[in-house]
Structures are given as structure tokens and as C-alpha cells.
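Undergrad:
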Amino acid sequence: MANNAPTGPIRVDEVSSLGQRWYVLIIMMLVYTISIADRYVLSTLLGPISKELNLTDTETAWLGLPLALFYVTMGIPLSWLCDRTNRRNLLAASVAVWSLMTAITGYTRGYIDLLLARVGVGIGEAGGTPACNSIIADYFPADRRSMAMCLDITWVARRFLCVGRARYHFGAYHHGND
Numbered sequence: 000m001a002n003n004a005p006t007g008p009i010r011v012d013e014v015s016s017l018g019q020r021w022y023v024l025i026i027m028m029l030v031y032t033i034s035i036a037d038r039y040v041l042s043t044l045l046g047p048i049s050k051e052l053n054l055t056d057t058e059t060a061w062l063g064l065p066l067a068l069f070y071v072t073m074g075i076p077l078s079w080l081c082d083r084t085n086r087r088n089l090l091a092a093s094v095a096v097w098s099l100m101t102a103i104t105g106y107t108r109g110y111i112d113l114l115l116a117r118v119g120v121g122i123g124e125a126g127g128t129p130a131c132n133s134i135i136a137d138y139f140p141a142d143r144r145s146m147a148m149c150l151d152i153t154w155v156a157r158r159f160l161c162v163g164r165a166r167y168h169f170g171a172y173h174h175g176n177d
């Protein structure tokens, strides 16, 4: 009976084609794009939201803290979980949680509701980054992984530029500063 088990480590390029790798990278870049949009949608609409909910300047200033605090805090245990579970499922759950919590943000009627919704967005997004990075590492061999990560990071920079432009145009439109 012949033993056909591999004798050494399985190379990434043996289990995925170049097309599959690029497909996965593009999907991960789109996930990051959604993450950035969900993260910054509140700051883009902060003026109208503050007005509608009758928030004080202090309450408005504190709205960014829950997302940042829980994103940073939950990133460590979710990274640990990512190393021990199915990364695809963790990524899907993270996207579902942050998307649901972003939608709930739109239905809040007060300051505490809004804060709690932003906590949920932070927790959901905290699982997305480690899962995306790990999935990219799964699909790209070591000698090509840095290029894939670099493309993803530069994509982040381009998104920030686009978000900034959108915020400028949206703010100018709503404040009458054409």
C-alpha cells in the first residue's frame, strides 16, 4: 500500500491558482472598504445626527470612543480566535455583526442607543482585520505575500482619500457651501 501523504509542508501555490489568489485579494479589499465605510459613516453624518437626536457637544465628541475602544480591545481575543477557528466563518460573522450594528445605528433614538450600536460596530470590525490578513496569508506564498499585503494597504490609503473627498462634498452640500 503506497503512502501518498505529503512529506513536507504544502505550498500555497499548489492549492490555489493565480486567479483564485487575486479573487480572494479583491474580496478582502472589498471587505476592508465596507469596514472603512461603516467606521466613518457616523463621522460623515455627525452634524445631522447630532441635530436630530439633540446631542450636546460633549455627547457628540464622545461618539467615536466606543468604536475605537472596542475595536482595539476586542482585536486581541478575536485574533486569537482567528488562529484557532475557521477564518472564513469568523470573517463572515464579523461582517454580519458590524453591518447589522451599522444598520441599527440608523434606527437609534437616543445617545445611549447610539453608543451601544457603535460598540457593536467596533466589536464586529475587530474580527475583520485579523481574518482578512490571515486569509490573504493562506492564499499567497511567502515570496508573494508582501506584495499582496502592500496592495491591500495602499488600497486602504486610496479609500481614505475617497472617504475624505466624499465627506467634503457631502458636508459642503448639506451646509450650503457649494
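Counting from 1, position 155 in the sequence shown corresponds to residue 154 in numbering that gives the first Met the number 0; the numbering is continuous, with no gaps. Every residue, glycine too, gets a C-beta built ideally from N, C-alpha and C. Note that the structure is predicted; figures quoted are calculated from it, not measured.
(1) If you follow the alpha helix (DSSP H) that residue 106 is part of, which residue opens it and which one closes it?
(2) Take every Cβ of the segment 44-52, pair it with every Cβ of the segment 85-94, and state whether three or more of those distances are shorter than 8 Å.
(3) If residue 74 sits next to residue 140, beta carbons under 8 Å apart, how far is it from one beta carbon to the other, in whole angstroms?
(4) Would residue 37 and residue 118 be called neighbours here (beta carbons separated by less than 7 Å)?
(5) Considering only C-alpha positions, which residue in the set 86, 39 and 102 is nearest to residue 127?
(6) Helix, strand or coil, according to DSSP, for residue 3 in the structure here?
(7) Residue 116 and residue 135: beta carbons closer than 7 Å?
(8) Which runs of the alpha helix (DSSP H), 4 residues or longer, sit entirely within the segment 12-92?
TA: Here's the rundown:
(1) No alpha helix (DSSP H) holds residue 106; DSSP gives it neither H nor E.
(2) no
(3) Actually they do not touch by this definition, with Cβ atoms about 26 Å apart.
(4) no
(5) The option with the nearest alpha carbon to residue 127 is 86.
(6) Low per-residue confidence applies at residue 3: pLDDT is 48, beneath 50, and the placement is therefore not dependable, though the value from the model is reported in the following sentence. If DSSP states are grouped into helix, strand and coil, residue 3 belongs with coil.
(7) Contact: no.
(8) 17-43, 45-51, 56-61 and 63-83
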